[in-house]
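Scroll down for the structure; my scribbles are underneath it.
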Amino acid sequence: MLWILRFSGFFSAAVVMIILSPSIQSFPPAEAIRSSNLDGYLRSPNLLSPPDYLPQLYFRRSTIFRNADECRFSDRQIKGKTSVCDPSLVHIAITLDVEYLRGSIAAVHSILLNSLCPENVFFHFLVSETNLESLVRSTFPQLKFKVYYFDPEIVRSLISTSVRQALEQPLNYARNYLADLLETCVKRVIYLDSDLVVVDDIAKLWATNLGSRTIGAPEYCHANFTKYFTSGFWSDKRFSGTFRGRKPCYFNTGVMVIDLVKWRHAQYTKWIERWMEVQKSDRIYDLGSLPPYLLVFAGNVAPIEHRWNQHGLGGDNVRGSCRDLHPGPYSLLHWSGSGKPWLRLDSKQPCPLDFLWSPYDLYGHSRL
Ligand SMILES: *[C@@H]1O[C@H](CO)[C@@H](O)[C@H](O)[C@H]1NC(C)=O
17 MLWILRFSGF FSAAVVMIIL SPSIQSFPPA EAIRSSNLDG YLRSPNLLSP
67 PDYLPQLYFR RSTIFRNADE CRFSDRQIKG KTSVCDPSLV HIAITLDVEY
117 LRGSIAAVHS ILLNSLCPEN VFFHFLVSET NLESLVRSTF PQLKFKVYYF
167 DPEIVRSLIS TSVRQALEQP LNYARNYLAD LLETCVKRVI YLDSDLVVVD
217 DIAKLWATNL GSRTIGAPEY CHANFTKYFT SGFWSDKRFS GTFRGRKPCY
267 FNTGVMVIDL VKWRHAQYTK WIERWMEVQK SDRIYDLGSL PPYLLVFAGN
317 VAPIEHRWNQ HGLGGDNVRG SCRDLHPGPY SLLHWSGSGK PWLRLDSKQP
367 CPLDFLWSPY DLYGHSRL
């Protein structure tokens with residue numbers, strides 16, 4: 017009897033299935049997919065159908081989401097085909113890769129569920145591999161989104177070999193290129209990491225006043241800023257002189273509101289790349305994609321309330337270490353650090369806060 021229940025549950029759950037190739041994962045993405053015909057690649061699922069695909073990733077279809085009456089002003093646009101240039105849209109950029117896919121899907125789900133006007137949100141997905149567009153489409157049939165191919169070769173030669181493996185994924189650096197990748201009519205974007213959920217209306221974050229600044233993020237001025245750079249950096253005035261006249265504070269690059277117009281105008285991508293080149297020759301920091309942001313922006317960041325990035329919930333490298341929330345209200349929970357909620361839940365060793373992530377998880381078949 018039990019197997020019949022399971023079987024019917026399987027079909028009633030609007031199961032979405034995509035099968036991903038281990039052979040693709042085992043090669044650097046750029047060798048698996050050449051950029052020239054990627055659009056065709058993404059659109060035709062048949063290209064990914066050899067028999068030995070693993071792991072199998074299943075996502076349930078999200079429930080229907082709909083704008084509240086208060087959002088009616090945009091009905092005209094949302095009924096037809098919405099242009100990415102529509103000024104009433106809220107733009108979110110997020111990466112999609114096999115390893116963090118479950119997190120990205122949960123993040124999108126959380127944004128839709130907690131928005132007053134979910135139909136006004138437009139997602140810009142950054143990918144470097146595999147057929148993930150059809151998976152997004154089947155999981156969120158109504159979603160407004162576009163998939164952008166980020167060529168890992170753009171940064172591969174810039175990534176210093178000294179940074180640790182987990183931070184070395186080229187897709188981590190895709191955020192540096194948003195101003196180039198997104199349509200020029202997109203003037204502002206919220207960049208979000210894949211290991212977080214938004215538990216408040218994202219439109220509030222979208223409305224952040226950046227003043228004259230290019231990026232906004234919660235700042236942590238009590239953190240010891242010195243430790244983000246090597247002693248060689250601090251002792252060399254050619255490098256550390258960049259902070260002269262600034263009061264730099266640490267900020268986390270997993271949640272940023274970015275003014276793309278100002279970014280394009282000042283060509284900040286070039287500045288970031290220049291610091292990455294310095295890192296290759298002089299080893300000025302130990303972390304991956306974060307320090308160039310501190311070098312370019314720290315001290316010139318529009319402060320955002322800390323509730324928009326309750327980070328560190330992944331804990332540190334000590335296995336089984338659980339973090340508590342920082343005091344104060346929270347609108348966004350971020351499992352930065354080495355522990356991810358989906359892995360801990362699967363291994364039956366969750367941290368208490370992981371249960372705030374699980375309601376947004378769409379992975380797997382329906383639970384009977
Ligand atoms: C900050 O970190 C640096 C390098 O790790 C250390 O030398 C310094 O003593 C720290 N400062 C404070 C105030 O903790």
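So the sequence shown is numbered by this note's numbering: it starts at 17 and just counts up by one. Even for Gly, the Cβ is constructed at its ideal location relative to N, Cα and C.
Using a cutoff of 7 Å, the CB of lysine 243 counts as near ligand 1, since one of the ligand's heavy atoms is closer than that.
Sixteen is the threshold: since fewer than 16 other Cβ atoms of the shown chains lie within 10 Å of the Cβ of proline 157, the residue is exposed. Runs of beta strand (DSSP E) with 3 or more residues, each lying fully within the stretch 231 to 305, are found at 231 to 233, 271 to 275, listed in chain order.
The stretch 286 to 294 and the stretch 222 to 238 do not touch, with fewer than 3 CB-CB distances between them shorter than 8 Å.
For arginine 118, the CB contacts under 6 Å within the same chain, skipping 5 residues up- and downstream, are Trp358, Tyr379 in chain order. For valine 214, the closest of Phe138, Asn130, Leu198 by C-alpha to C-alpha distance is Asn130. Distances between the C-beta of asparagine 130 and the heavy atoms of ligand 1 are all 7 Å or more. Residue state for histidine 342 is assigned as coil, using DSSP reduced to three classes. Taking the Cβ of asparagine 192 as the reference point, every heavy atom of ligand 1 lies at 7 Å or farther away. For arginine 229, the three-state secondary structure derived from DSSP is coil.
About 17 Å separates the beta carbon of valine 205 from that of phenylalanine 267, a gap too long to meet the 8 Å contact definition. Membership of histidine 350 in any alpha helix (DSSP H) is not indicated; the residue belongs instead to the beta strand (DSSP E) covering 348 to 350. Per DSSP, the continuous beta strand (DSSP E) segment holding threonine 111 begins and ends at 106 to 112. Within the chosen limit of 7 Å, ligand 1 reaches the beta carbon of asparagine 240 through at least one heavy atom. Beta bridge pairing from DSSP links tyrosine 193 with no other residue.
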